[in-house]
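A.B. asks: Protein chains in written order, with the UniProt record's numbering: chain F, 1 to 216; chain U, 1 to 216. In this text, a Cβ means the ideal position worked out from N, Cα and C, and glycines have one as well. What you are looking at is a predicted structure, and each value in this text was computed from that prediction instead of being measured.
Protein chains: 2
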Amino acid sequence: MTSKPTLDDGLRARKRAATQAGLERAALALALEHGYENVTVDMICDAGMVSQRTFFNYFGTKEGAFLGTPPPMPADAELARFVHGTGADILGDLVGLITAALVDQEPDPGILRARRMLIERTPELLGRENTRVAELEESLTLLVLDRFHAQGRTEESTPDLEDEARMVVTLAGSVMRFSMQKWFSGGFAGTPSELLRHSIALVRRITGTADPAPRG
Amino acid sequence: MTSKPTLDDGLRARKRAATQAGLERAALALALEHGYENVTVDMICDAGMVSQRTFFNYFGTKEGAFLGTPPPMPADAELARFVHGTGADILGDLVGLITAALVDQEPDPGILRARRMLIERTPELLGRENTRVAELEESLTLLVLDRFHAQGRTEESTPDLEDEARMVVTLAGSVMRFSMQKWFSGGFAGTPSELLRHSIALVRRITGTADPAPRG
DNA sequence: AATAAAATTACAGTAGCTGCACGCATACCG
DNA sequence: CGGTATGCGTGCAGCTACTGTAATTTTATT
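(1) For the alpha helix (DSSP H) holding F/D93, just list the boundary residues, first then last.
(2) Can you tell me whether residue 254 of chain U is buried or exposed? The criterion is at least 16 other CB atoms within 10 Å of its CB, across all chains shown.
(3) Measure the alpha-carbon distance for F/G216 versus U/G187 and round it to whole angstroms.
(4) Using the rule of at least 16 other Cβ atoms within 10 Å of the residue's Cβ for burial, across every protein chain shown, is U/T61 buried or exposed?
(5) At a Cβ threshold of 9 Å, is F/H84 touching chain U?
(6) Taking only runs that begin and end inside the stretch 145-193 of chain U, name each unbroken beta strand (DSSP E) of 3 or more residues, in chain order.
(7) Strictly below 9 Å CB to CB, what residues from chain U border F/E164?
(8) How many Å lie between U/Y36 and F/T131 at the Cα?
(9) Quick check on U/A18: buried or exposed, where buried means 16 or more other Cβ atoms within 10 Å of its Cβ?
(10) For chain F, check one thing: does any of its Cβ atoms lie closer than 9 Å to the Cβ of U/G62?
(11) If distances are taken between C-alpha atoms only, which option among F/H149, F/Q181, F/A201, F/A172 comes closest to F/R115?
(12) What does a CB cutoff of less than 7 Å around U/D42 pick up in its chain, not counting 5 residues either side in sequence?
(13) Is the Cβ of F/I90 closer than 9 Å to any Cβ of chain U?
(14) Buried or exposed: which applies to F/A165, given that a residue is buried once 16 or more other Cβ atoms fall within 10 Å of its Cβ?
(15) Is any beta-carbon of chain U found at less than 9 Å from that of F/G10?
(16) Near U/L91, what residues of its chain come up, given a Cβ to Cβ distance below 8 Å and the 5 sequence neighbours on each side ignored?
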């Protein structure tokens, strides 16, 4: 219209964001009401007032509208901070890193909660979610290896260092899944940080050599 | 034909088993050659000389032909042995239990290996595999809880006992995934038992309070 | 040999998804 | 302000996975 048409990030970008958000909200609402399997892409398109073709241009897949934007890699600054961390609690540090990346991803907590509830009750979505996470695991493994090297550990002194790195990532994934389930099922009264520490403590209790049984 | 037509398990059952095995073999061979995504159900049906409808009668899903029969719960005897185990190494015991159930499932090691190779390189199949495993997790959690109770641990003395049980199952799943990947990628020279013990040792090294760094 | 039960099949239809080409809105430039 | 390039939404035709149904064939029973 005026000589300065691009206010926010360009009118185009705003419209895109709006329709995308609308579609995601419509998808979640429909699925929470009728169940994921009974929601058709055409229904979401009707609610979002776009053609089916446009829907697939946005999400590529039906599941995409329900899962939201994929988890991003953390910013370089955070990565560096992790790599040069103290080293005492690598599992806690990694879990913290992942959590931070997840949190500032979806600003609306209502959407986030609805999404988690739906994913928990829908095996198909849960599986796809795990697949997405698995796609990040390789780069996270490299990150953990970097940290090992920064701590002076080498493949020479520890032949299975790469295995260890992969296992660290795997364990972090377990802790995240466990914690998310407990958090969004409402079974924990406390802060997310407390929950994560609780989960990690649980891991230690289980793997702790032979101390699980109570004294009495 | 004769007065005793049912030799093995009935001619019907044998034919069923034969066509099913044929379809599974055809599916694996085609996918290893052309890639999972480029194999169509019709191709498999042609190779197996059945109609598409019959294919879906057998497997219900395209993925089903590649994943094989779902993992079964172990026999009651094994379950009892687990529940009344010594208690020192619950993670090892559970991993052993799962492994045993997997092993006597697919007698042909060639098929098993081909299947794993395909699953590893196909995210969609990997995700579905994990979903299948997740379906067993609930009953495994109950099993672990039984063992806790058999050891005299109660929810009264340990309020988060159920959490601990769920975490044990989650960790066992991590160990299994890690080990399977390493095993079938050929990166381990040794027996499966050794590999499993190695993996669990890795978990302990990581979670061990503050011992991961070498002295030097 | 007659009959019951079970397996296989063809057929029609739905839903997810893709390539392609066309039209229109937006952004850019003189 | 007008012209133009670019991006985006859309319709359409088509492929593949999957399902219900009813008919046909194959195996089991008596």
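C.D. replies: In terms of the structure at hand:
(1) Residue numbering aside, residue 93 of chain F sits at position 93 when the first sequence is read from its first letter. Its alpha helix (DSSP H) spans residues 90-103.
(2) With chain U running from 1 to 216 in the structure shown, residue 254 of chain U is simply not present.
(3) Here residue 216 of chain F refers to the residue found at position 216 of the first sequence. Here residue 187 of chain U refers to the residue found at position 187 of the second sequence. Here F/G216 scores only 31 on pLDDT, less than 50, and its place in the model should not be relied on; the value that follows carries that caveat. Rounded to the nearest angstrom, the two C-alpha atoms are 44 Å apart.
(4) Stepping through the second sequence from its first residue, residue 61 of chain U is reached at position 61. Classification of U/T61: exposed, given that the 10 Å Cβ count is below 16.
(5) Here the question's residue 84 of chain F lines up with position 84 in the first sequence. For F/H84, the answer is no, since every Cβ of chain U falls outside 9 Å of its Cβ.
(6) Taken in chain order, the stretch 145-193 of chain U contains no complete beta strand (DSSP E) segment of 3 residues or longer.
(7) For the purposes of this step, residue 164 of chain F is taken as the residue at position 164 of the first sequence. Neighbours of F/E164 across chain U, judged by C-beta separation under 9 Å: L202, R205, I206, P212.
(8) Stepping through the second sequence from its first residue, residue 36 of chain U is reached at position 36. Stepping through the first sequence from its first residue, residue 131 of chain F is reached at position 131. Straight across, the Cα-Cα distance linking U/Y36 with F/T131 is about 16 Å.
(9) Here residue 18 of chain U corresponds to residue number 18 of the second sequence, with the count starting at 1. With fewer than 16 other Cβ atoms from the protein chains shown falling within 10 Å of its own Cβ, U/A18 counts as exposed.
(10) On the second sequence, position 62 is the one that residue 62 of chain U refers to. According to the sequence as given, residue 62 of chain U is Lys; it is not Gly. Contact of U/K62 with chain F is not assigned, every C-beta pair being separated by 9 Å or more.
(11) Counting from one through the first sequence, the residue named residue 115 of chain F turns up at place 115. For F/R115, the closest alpha carbon among the candidates F/H149, F/Q181, F/A201, F/A172 is that of F/Q181.
(12) Here residue 42 of chain U refers to the residue found at position 42 of the second sequence. Cβ neighbours of U/D42 within its own chain (closer than 7 Å, five residues either side excluded): Q52.
(13) Residue numbering aside, residue 90 of chain F sits at position 90 when the first sequence is read from its first letter. Against chain U, the CB of F/I90 has a partner CB under 9 Å away; the residue lies at that interface.
(14) On the first sequence, position 165 is the one that residue 165 of chain F refers to. Classification of F/A165: buried, given that the 10 Å Cβ count is 16 or more.
(15) In the first sequence, the residue the question calls residue 10 of chain F occupies position 10. Not one beta carbon of chain U lies nearer than 9 Å to the beta carbon of F/G10.
(16) Numbered from 1 along the second sequence, position 91 holds the residue referred to as residue 91 of chain U. Within the same chain, U/L91 has close Cβ partners V168, L171, A172, V175, I200, V203.
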